[in-house]
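Enquirer: Once you've had a glance at the structure underneath, I'll fire off some questions.
Number of protein chains: 2
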Amino acid sequence: MANPLDRIKPRVRGLKAYTLKPDRGAVKLNQNENPWGVPEAVRAETLRRMGRREWARYPDFVPAALHEKLAAFAGWRADGVVAGNGSNELIQATLMVTVGEGKRVLISEPTFALYRQVTTVLGGEVLSVPLDGALGFDVEALLEAIERDEPDVTILCSPNNPTGCRISEEELERLLTRAGGIVVIDEAYFEFSGRTVAPLLERHPNLAVFRTFSKAMALAGLRVGYLLAAPELAREVSKAVLPYNLNAFSQTAAEVAVELYDAELRPTVERVVAERERLFTELQNIGGLAPVRSCANFMVVRRRRTCASV
Amino acid sequence: MANPLDRIKPRVRGLKAYTLKPDRGAVKLNQNENPWGVPEAVRAETLRRMGRREWARYPDFVPAALHEKLAAFAGWRADGVVAGNGSNELIQATLMVTVGEGKRVLISEPTFALYRQVTTVLGGEVLSVPLDGALGFDVEALLEAIERDEPDVTILCSPNNPTGCRISEEELERLLTRAGGIVVIDEAYFEFSGRTVAPLLERHPNLAVFRTFSKAMALAGLRVGYLLAAPELAREVSKAVLPYNLNAFSQTAAEVAVELYDAELRPTVERVVAERERLFTELQNIGGLAPVRSCANFMVVRRRRTCASV
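Heads up: the protein sequence lines correspond to chains A and B, in order.
Our numbering puts the first residue of the first sequence at 20, with every later residue one more than the last.
Our numbering puts the first residue of the second sequence at 20, with every later residue one more than the last.
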């Protein structure tokens, strides 16, 4: 009898499943969530609205009300917004409509593991430029790779997971101008940096920006992300986004979180940033430690001494 | 300047987005949901459990507790269960790990539009066998296509959307024995048929069964589906399922729905089936109408008269 596993693409069979070991620390830090939890006002209002809704009915085909709110929140147009089941879904959808055998995706590692995983499942080739010695983006090497290898898609996480480095608007504009392909900036942690590349969307139709509700927005349990791009590009990516991808509860919670951001969530972001800077200074004062400046809600700390000298 | 849309796969660009016109009827029937809505006991218990949970934390990497409950519910093993963000996500994941350029997917149309949509996005070829004159599966033609074209994947919706026909265990076993590829049975409506092909999983490692919480289980708004397959096949499909794909709220609601199925949901299914049979008989008694027997919660009604004679 034929082995049905022979029908699985060889690249997929060779792939290790993306996994994460459960954390065992006294304080959970390994997923960079908002440590202050969901504000009670967001929780209560979401439960109130969901108490009135008919759960047995499909959610909106396209969550238009949420798209409108996200557009206002991000300073972009609603027809250039696509909400998803976590930004993971939008990473996958963007790669699904662009990547197949013979296509190339440029990333800068170490970074979020999913870019490589999904590209590989889809049969594309991953081109990887390492971060520089200071754990920042090596923009010159990225430019060189873009010109030499003409990647179909370039994905940078900025601020980068797990190093906290950020690409500046000027640097990104250089990449965008030279790139013939699509450039994705995953802004999962942008709230903690106080900056965004979203204003570049206006004059760069090859830019896509991904955002998430899992970090600053304190809704990791509910899985909401969104994409910002030119409407033409957003429309193509939407073709690989599943219908009814966003459940009614998460859609509702995301709307509430955006409405209450300034009153309830921004203060928690400000506390995280203040703590990060305080921690950076304190760590600098500890002999042998060299914290790396971070624009996110986590920080790499290097050891000054080599292993041999410890 | 290069056009970033040139990086979108030509097949995707040529594709019309899957859409659905909003219904405008006095009674909403177009999505085959459970018309009695979510039972109050399911709703209250879900809200109670979610009131105690920390929403800012990621959900389980793999929803193991739900997989255990679904395994017991379906009479299958937990390591052969994969829960998803609606069964749509599992359709997509199964096709992602099997389909690329040069791969073939056999379906029987008319049927659920997503099989064709996703296959096309992934660059595969759709082979379509029409339903027979009585709107049932043309099993001989399907067998012929399987032997002639050797599809990598065959997908049948049973009971079929939108006709309500069902493939029998004996017929399916003939397909499974002859197929070298994977055979998917989408059992979105199985509760209304009173039958399932899940017992065939034990001796057919090329069978995958998809289920959903959007129909009988009355949770369309929350997007939960699951796959049943041999553990080896389930593991490969999982590689294309996004991490944290199922949000905490939907996972909780699905657990509650399974726990309360016999007490709360099964009676609503029995009412739907009784109404379907009553309606069938009544429609038969109306001159000129020819209802088609259905195993689902909807029914095709044909007109006996030709257009010319009306």
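Backbone N, C-alpha and C fix where the C-beta goes; we use that ideal spot for every residue, glycine too.
Since the model is a prediction, treat every value here as computed from it, not as a measurement.
Using a Cβ cut-off of 9 Å (strictly closer), state whether Tyr208 of chain B contacts chain A.
Expert: no
Enquirer: Taking Leu24 of chain A and Glu255 of chain B to be in contact with their CB atoms under 8 Å, please state how far apart those CB atoms are, rounded to whole angstroms.
Expert: Between Leu24 of chain A and Glu255 of chain B the beta-carbon gap is near 7 Å, inside 8 Å, which marks them as a contact.
Enquirer: Looking at C-alpha atoms only, which residue of B:Val277, B:Glu169 and B:Asn53 is the closest neighbour of Glu294 of chain B?
Expert: B:Asn53
Enquirer: Quick one: complete beta strand (DSSP E) runs, 3+ long, within the segment 148 to 217 of chain A?
Expert: 172 to 176 and 201 to 205
Enquirer: According to DSSP, which residues form a beta bridge with Glu87 of chain A?
Expert: Glu87 of chain A is not bridged to any residue.
Enquirer: So Asn107 of chain B contacts chain A; which residues on that side make the cut at Cβ distance below 9 Å?
Expert: Leu261, Pro262, Tyr263 and Asn264
Enquirer: Which stretch, first to last residue, makes up the alpha helix (DSSP H) that contains Ser351 of chain A?
Expert: For chain A, the structure presents residues 20 to 329; residue 351 of chain A sits outside this window and is missing.
Enquirer: Do Leu114 of chain B and Thr130 of chain B have their C-beta atoms within less than 9 Å of each other?
Expert: no
Enquirer: Can you give me, in chain order, the residues of the segment 77 to 95 of chain A that have a beta carbon less than 8 Å from any beta carbon in chain B?
Expert: Tyr77, Pro78 and Phe80
Enquirer: Measuring CB atoms only, is the segment 203 to 212 of chain A touching the segment 159 to 168 of chain A, in the sense that at least three cross pairs come out at less than 8 Å?
Expert: no
Enquirer: Which residue from B:Cys184, B:Leu48 and B:Val292 puts its Cα closest to that of Pro149 of chain B?
Expert: When only C-alpha atoms are compared, the closest one is B:Cys184.
Enquirer: Under 7 Å Cβ to Cβ from Thr271 of chain A, same chain only, skipping five residues before and after it: list those, please.
Expert: Thr65, Arg68 and Met69
Enquirer: Quick one, which residues of the segment 232 to 248 of chain B are near chain A if we go by CB-CB under 8 Å, in chain order?
Expert: Ser233, Ala237, Leu238, Ala239, Gly240, Leu241 and Arg242
Enquirer: If we call anything under 9 Å between Cβ atoms a contact, is Leu261 of chain B one with Ala253 of chain B?
Expert: no
Enquirer: When you check each C-beta in the segment 21 to 33 of chain A against every C-beta of chain B, which residues fall closer than 7 Å?
Expert: Ala21, Pro23, Leu24, Arg26, Ile27, Lys28, Val31 and Arg32
Enquirer: Any beta carbon of chain B sitting closer than 9 Å to that of Asp171 of chain A?
Expert: yes
Enquirer: With Arg68 of chain B as the anchor, note down where its alpha helix (DSSP H) starts and where it stops.
Expert: Under the DSSP assignment, Arg68 of chain B falls in the alpha helix (DSSP H) whose first and last residues are Glu59 to Gly70.
Enquirer: Under three-state DSSP, which class holds Ala235 of chain A?
Expert: Of the three classes helix, strand and coil, the one that applies to Ala235 of chain A here is coil, per DSSP.
Enquirer: How is the beta strand (DSSP E) around Pro310 of chain B delimited, first residue to last?
Expert: Leu308 to Pro310
Enquirer: What residues from the segment 52 to 65 of chain B come within 7 Å of chain A, judged by C-beta to C-beta, listed N to C?
Expert: Cβ contacts with chain A: Glu52, Asn53, Gly56, Val57 and Arg62.
Enquirer: When the Cα of Glu188 of chain A is compared with those of A:Leu226, A:Phe211 and A:Ala84, which residue comes out closest?
Expert: A:Leu226
Enquirer: Please identify the residue among B:Gly119, B:Asp171 and B:Glu120 whose C-alpha is closest to the C-alpha of Ala198 of chain B.
Expert: B:Asp171
Enquirer: Going by C-alpha to C-alpha distance, which of B:Pro82, B:Pro181 and B:Asp157 sits closest to Ala132 of chain B?
Expert: B:Pro181
Enquirer: For the segment 282 to 311 of chain A, list every residue whose C-beta sits within 7 Å of some C-beta in chain B, in sequence order.
Expert: Here the close residues number zero.
Enquirer: Is Leu24 of chain B helix, strand or coil when you go by DSSP?
Expert: helix
Enquirer: Ignore the nearest five residues each way along the sequence and tell me which others in Glu219 of chain B's own chain have a CB closer than 8 Å to its CB.
Expert: Here residue 219 of chain B turns out to be Leu, not Glu, going by the sequence shown. So the qualifying residues of the chain are Glu188, Leu191, Glu192, Leu195 and Leu226.
Enquirer: Residues of chain A with CB under 7 Å from Glu163 of chain B, in chain order?
Expert: In chain order: nothing, as chain A lies at least about 18 Å away.
Enquirer: Can you pull out the residues from the segment 184 to 202 of chain B whose beta carbon lies closer than 9 Å to at least one beta carbon of chain A?
Expert: Thr196, Ala198, Gly199, Gly200, Ile201 and Val202
Enquirer: Within a Cβ cutoff of 6 Å, which residues of the same chain sit near Glu87 of chain B, ignoring the five residues on either side of it in sequence?
Expert: Ala97
Enquirer: Can you name the residues of chain A whose CB is closer than 9 Å to the CB of Ala75 of chain B?
Expert: Glu52, Asn53, Pro54, Trp55, Gly56, Val57, Ser233, Met236, Ala237, Leu238, Ala239 and Gly240
Enquirer: Tell me which residues share the same chain as Arg230 of chain B and place their Cβ nearer than 6 Å to its Cβ, disregarding the 5 neighbours each side in the sequence.
Expert: Answer for Arg230 of chain B: Glu206 and Tyr245, listed in chain order.
Enquirer: Quick check on the DSSP output: the alpha helix (DSSP H) that includes Ser106 of chain A runs from which residue to which?
Expert: Looking at the DSSP string, the run of the alpha helix (DSSP H) that includes Ser106 of chain A is Ser106 to Met115.
Enquirer: With 16 as the cutoff for other CB atoms within 10 Å, does Gly103 of chain B come out buried or exposed?
Expert: buried
Enquirer: Mark Pro82 of chain A as exposed unless 16 or more other C-beta atoms lie within 10 angstroms of its C-beta, in which case mark it buried.
Expert: buried
Enquirer: May I ask you to report which of helix, strand or coil DSSP gives Gly94 of chain B?
Expert: Correct three-state label for Gly94 of chain B: coil.
Enquirer: Cβ atoms of Ala90 of chain A and Val101 of chain A: under 9 Å apart, would you say?
Expert: no
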